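Peer 1:
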Amino acid sequence: MSMSVGGSSEYSSDINVTPMVDIMLVLLIIFMVVTPLLSSGINVVLPTTENSQEDEAITKETSVIVSVPERNQFYIGKEMVDRSKLSDLIKQKMKDKKNEDKVVYIKGGHLVDYGEIVDTITAVRNAGIDRIGLVTEKKKDTKKK
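The opening residue of the sequence shown carries number 1 in the numbering used here; numbering runs sequentially from there.
1) Three or more C-beta pairs under 8 Å: does that hold for the stretch 82-90 against the stretch 122-141?
2) Taking the alpha carbon of M94 as the point to measure from, which residue in G128, F74, V112, Q73 has its own alpha carbon closest?
3) Once the 5 residues before and after R131 are set aside, which same chain residues still bring their CB inside 7 Å of it?
4) Which residues bound the alpha helix (DSSP H) around Y114?
5) What are the uninterrupted segments assigned as alpha helix (DSSP H) that are 4 or more residues long and contained completely in the stretch 2-83, given in chain order?
6) Please check the pair P69 and G109, which I expect to be a contact at CB under 8 Å, by giving their CB distance rounded to whole angstroms.
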């Protein structure tokens with residue numbers, strides 16, 4: 001905002017952008033703080049593949065995601081569970097869902113033994129769930145065009 005020096009009583013039509021910049025900086029800080037909190041579940045280094053397809057249902061709040069980041073570590077969402085209780089907890093989470101929504105997604109770490117993933121699939125099937133999604137990460141294109 002400018003001040004007129006002298007006796008002129010005309011209005012200045014300059015735009016004051018300082019309040020807008022302040023608001024934008026506050027919003028930027030809020031988004032930087034909130035964004036890491038939005039990720040659901042445990043961080044798992046997923047195996048990569050070229051033909052990975054993204055299922056939109058996996059990002060829903062009601063999705064059941066079983067994570068196996070390391071050997072003998074099982075998580076449902078962000079809660080660590082014992083291997084022996086995995087089937088019971090999956091049954092409990094799936095009891096109120098419709099048949100078309102009864103899908104369990106498994107995130108297995110890329111260094112986790114194949115047997116651990118098979119045991120997890122067996123636990124899901126013992127809970128009465130037939131639809132299982134194995135989560136992978138799409139391989140990034142490293143070729144330069």
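C-beta: ideal position from N, C-alpha, C; glycine also.
Note that the structure is predicted; figures quoted are calculated from it, not measured.
Peer 2: On the basis of the supplied data:
1) yes
2) G128
3) K102, V103
4) Run containing Y114: 114-126, per the alpha helix (DSSP H) assignment.
5) 18-34
6) 5 Å
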